[in-house]
DNA sequence: TATGAATGAGCGTTCATTCAT
DNA sequence: TATGAATGAACGCTCATTCAT
C-alpha cells in the first residue's frame, strides 16, 4: 500500500484524517518560519490552519510528535529525491559532486520548509533537555558522506584527508546554504552548487605532486 | 587585574557586584548548555547559581541584557585572542590559515561556553520576533574572511572562486567544530585545525594547470 | 433577551462564554470593592469566581480589556437608563433636576458596582502612566451638565454663574453619593436626591431681586 | 525647641535625620504626582531623592508610615493655615464662605502636593484591604462643615436643609478643585473660590418667601 | 547612618494539554 | 471528528522588606 506509493502518510488513516494532518503540518511549517520555533505555539499553528487548538492534539499525540514528523518526513523525501541521481554515478568523485549539487537543489526547491526544519533541529528538545535530533542524526548524515569519501580514497580518486572532518565540512557548507536562503530567499542556489562542488573537488583532489 | 586588563567587566561596579555578575553569567552558560536556550529560564539559572531569581533582575536589566552580555563579551574576548596572531602574518594565505587555526584554538579553549553562545545566537529574538543577532552579525564574520580572500586573489595568492561562498564555507566549517565538541567534549581540536587548514589551503590554491 | 435588547453583551459568543464573561466581570467588581483596584489581581478575581487564573486570560485579551469593559458597559447602561427620563422634560430646570435625581437613582440601584467603577476610573493607567479614563471622560460628563445649564441661562430659567464650575460641583456632589454609599450601603439615596435637587435648584435660580 | 515652632517634625530627631525625612517626603510626593500611587515604589522614590532604597526603610517604619505622614502633615498644616481666618469671622455665613474660600486658597498654593495627597487618600489601603483613610477621616471633614451649617441654622442665618448632605456637597465641590488643577495646573483658583462661595451662599440662604 | 545586595512573594501572561460536548 | 473551554505550571519581572557591612 504505502511502500509502493511513495506516500509518507500513515497506515490506516482515512483520507480526511490524512488531509487534516497534512494541513496541520503545512501550517506548522508556516508558523515556525514566521515566528520561529520558540513562539510557534499550538495556538498559533491552529490559527494559521484555521482550526481549533484541540484538533492538533487530536491528530498528533502532542506537539513533539508533530515536530518529529515534520523533520523525519522532510529527510525521507530528501532521500527519495536524491538517491536516483547518486545511483546514476559511477565514480566516487561523481557521487560526491552530485551529492552536493542535488542536496543544494533540494534545499533550493524547499527553501520555505528548510527554514522551519533547521529551526526544529536546533531547538526541539526532549523533556530531559537534550536535543531530540542530536548528534546521532547529525552523525548519520556526516557518515553517509564520509563513506563516499572513504570509497574514493580506496579507489585512489581522492587525496589524503580525514574523511569524517571533510564530510563534516561538506555537510556544514551545504547547511550554510539554508542559512543563506533564510537571509536572502531569492539567493541563487545554482551558484552555490557550482562554487561548492568546485571547492570540494579541489579540496578532495589528489595532490598534483 | 580587572582595571588594567583587557577584561570586559564594567567599570564602577563593586567587587561583590562584579563577582555576582560573573557568577550569574557562568550559571547562565551552564544552564543553556544543559537545557538549551528555550528552557534556560531565570529560575533555572538562579537555581544553578544557588541564588534567588530576583538577584538576576537586580544585577541585569533583564534576561535580554544578560544574554546580550554573554555573546558580546565572548566575541570581544575572541577578537582580543586572535588579532595578535593575524597581525604577525604577512601573506593572505598565512592570515587565512592562521585565522582558521586560531579560531579553532579559541573554540577549543572555550568548548563549554561556545555551545551556549551558539544557542543564544540562534534563538535570542527581539520582541518583534526577529533574531537579535541576525544576519548582520553573521555577515560581518563572513565578510571578514571574504576580505582576506579577496586580498589574496588580488595578490595572486589564491585561485578563482566566489570569496563570499568560500568565506561562508570556512565559517560554517569552523562553527562545525563547536558542534563536534558538543557531541564529544574531548575531541582533538588540533586535529580539526590541521585538517581544515589543509582542506581550505587546497580549496583556495591556484589551479596548477 | 440578549439579542433583541439593549444589552451590552457581545455578539457571536456562545451562551457559555457569555455567561463566563459575566461571571468574571461580576467577580472583578466584587474583588475591587473588597480589596481596591491596586490589589485586585487576576488571581484574586479568579479566586472569587471560583475559576483558574488562565480562564480570565482566555475570555479577555488581558486585565486591561476587562477593566475597560466594566467601565464602558456601566456608562452605556447608565445612559440607557437616564435618557428616556430626560427627554420627557420640557424645561432646562426640569432636565437638570431630573438628571440629578435619576443619576442618583442609578447609583442607588448599582451601589455595589459604582464603588468598583470609581476605583477603576481613578487608578486604571496605561503603560505610559497616564490615566486611561482621564480628564477627557470626566470633562465629557461635566460638559453634558454644563450644556443643560447654558441652555437654561439662555432661556432665562437660571441665574448668572459659570456653567462649568456649577456643572463640576453638580457632578462632584452626585459622585459624593457613591462615596456615601460606600460608607453606609444602606444609605437613603432618595433623601440625597431630594436634598441635592433642592440644593442646586436654589443655587441655579435667578436672583429674586 | 520643636513644640513651640509649629513644626510637624518628630521629637528627638537630629537635624540631619529630620532633613532626610523631609527630603524623602518631598521625593515621595514628586514621585506620586509623576507616576501615580500604584507605581510609586520605594525604588522610584529613592531614585528621585538621590538616595538608596534602604534609607527610606531606615527612617520610616515602612512605606505605609511614610504615606500616613504625608497625609496627616498636609492636613495639620492646612488647619494651621485656615484656623486664624475662620476665627476672625463672627457669623456662620461668614465662617462658611471664608472656609470655602481659604480652603481653595490652600489647595491653590499646594497644587503640586494636593495631587499626591488625593492619590494616597484614594489608594492607600491596610493589609485587610480597607482604605486606610476611610470614612472616618472623610466624615470628620464633612462633620466640621456640618457643624458650621447647624450653627447657622440655629441662628436663623441659613435655610432648611440636611447639614450633612450640604456639608458633603461642599467638601466634594472643594475637592473637585483639586481635580481641576490636576487637569489644568494653571487653572484660576480664585475664580473657583468666587463661584463656589456664591453657589453655596445661594444654596444655604433662607427661602425669600 | 547609610548602603548595596538579596529575598521571596506576587504580578500579568502564555502555553501544552485535557476534556465534556 | 472537532470544538471551545478550562487547567495549572512556568515564564520574566517588580517590589517592600531585611540585613550585613
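Chains as they are written, first to last, in my numbering: chain A, 2 to 210; chain B, 2 to 210; chain C, 2 to 210; chain D, 2 to 210.
Note that beta-carbon positions come from the ideal geometry of N, C-alpha and C, so glycine has one too.
Bear in mind that the values here come from a model prediction, so they are computed numbers and not experimental data.
- Residue 200(A) holds the alpha-carbon nearest to the alpha-carbon of residue 161(B) among 208(A), 200(A) and 34(A).
- For residue 205(B), the enclosing alpha helix (DSSP H) has its first and last residue at 190-205.
- For the options 180(A), 25(A) and 178(A), the alpha carbon positioned closest to that of residue 51(A) is the one of 25(A).
- Cβ atoms of residue 104(A) and residue 175(A) come within 8 angstroms of each other, at about 5 angstroms.
- At a cut-off of 7 angstroms between beta carbons, residue 126(C) contacts chain D.
- The C-beta distance from residue 108(C) to residue 190(C) rounds to 7 angstroms, short enough to fall under 8 angstroms.
- Under the 7 angstroms criterion on CB atoms, residue 158(C) is classed as non-interfacial with respect to chain D.
- By the beta-carbon neighbour count (other beta carbons within 10 angstroms, threshold 16), residue 168(B) is buried.
- Spatial neighbours of residue 102(C) in its own chain (CB-CB distance under 7 angstroms, excluding positions within 5 residues in sequence) are listed in chain order as 194 and 198.
- Of all residues in the stretch 128-156 of chain B, only 130 and 136 come within less than 7 angstroms of chain A when Cβ atoms are compared, listed by chain position.
- Per DSSP, reduced to three states, the secondary structure at residue 134(B) is coil, with no helix or strand assignment.
- In the structure shown, residue 159(A) falls within a strand segment according to DSSP collapsed to helix, strand and coil.
- Contact annotation for residue 40(B) against chain A: 126 and 130 [CB-CB distance below 8 angstroms, chain order].
- For residue 115(D), the closest of 100(D), 60(D) and 76(D) by C-alpha to C-alpha distance is 76(D).
- Pairing residue 20(D) with residue 48(D), the inter-Cα distance amounts to about 17 angstroms.
- Using a Cβ-Cβ distance cut-off of 8 angstroms, the stretch 117-135 of chain B and the stretch 89-100 of chain B are not in contact, since fewer than three pairs of beta carbons, one from each stretch, lie closer than that value.
- The contact set of residue 177(A) on chain B, defined by CB atoms closer than 7 angstroms, consists of 169, 170 and 173 in chain order.
- According to DSSP, residue 126(A) shares a beta bridge with 132(A).
- Chain-ordered, the chain C residues with CB closer than 8 angstroms to the CB of residue 163(D) read 192 and 196.
- Among the residues facing chain B, residue 203(A) is included, as its CB has a counterpart in that chain under 7 angstroms away.
- Annotation for residue 104(B): the continuous alpha helix (DSSP H) segment containing it runs 93-110.
- Taking the Cα positions, residue 178(B) is about 20 angstroms away from residue 71(B).
- For residue 164(B), the uninterrupted alpha helix (DSSP H) run begins and ends at 164-184, by DSSP.
- With 16 or more other CB atoms across the displayed protein chains lying within 10 angstroms of its CB, residue 164(B) is buried.
- The straight-line gap separating the alpha-carbon atoms of residue 61(D) and residue 82(D) is approximately 26 angstroms.
- Nearest in C-alpha terms to residue 196(A), of all of 171(A), 208(A) and 33(A), is 171(A).
- Chain-order list of chain B residues neighbouring residue 184(A): 135, 136, 139 and 140, by C-beta distance under 9 angstroms.
- Of the residues assessed, residue 119(A) falls on the buried side of the cut-off, its CB having 16 or more other CB atoms within 10 angstroms.
- Counted as a single uninterrupted DSSP element, the alpha helix (DSSP H) harbouring residue 59(A) occupies residues 54-60.
- In this structure residue 156(C) is in contact with residue 93(C), their Cβ atoms being roughly 6 angstroms apart against a cut-off of 8 angstroms.
- In the displayed model, residue 90(D) falls within coil according to three-state DSSP, outside both helix and strand.
- DSSP, read as helix, strand or coil, puts residue 63(A) in coil.
- Residue 45(C) and residue 68(C) have their C-alpha atoms spaced approximately 14 angstroms apart.
- Judged by DSSP secondary structure, residue 18(B) falls within the alpha helix (DSSP H) whose first and last residues are 16-36.
- Residue 41(C) sits close to residue 32(C), with the two beta carbons spaced by under 7 angstroms.
- Annotation for residue 40(D): no alpha helix (DSSP H) segment contains it, and DSSP assigns it neither H nor E.
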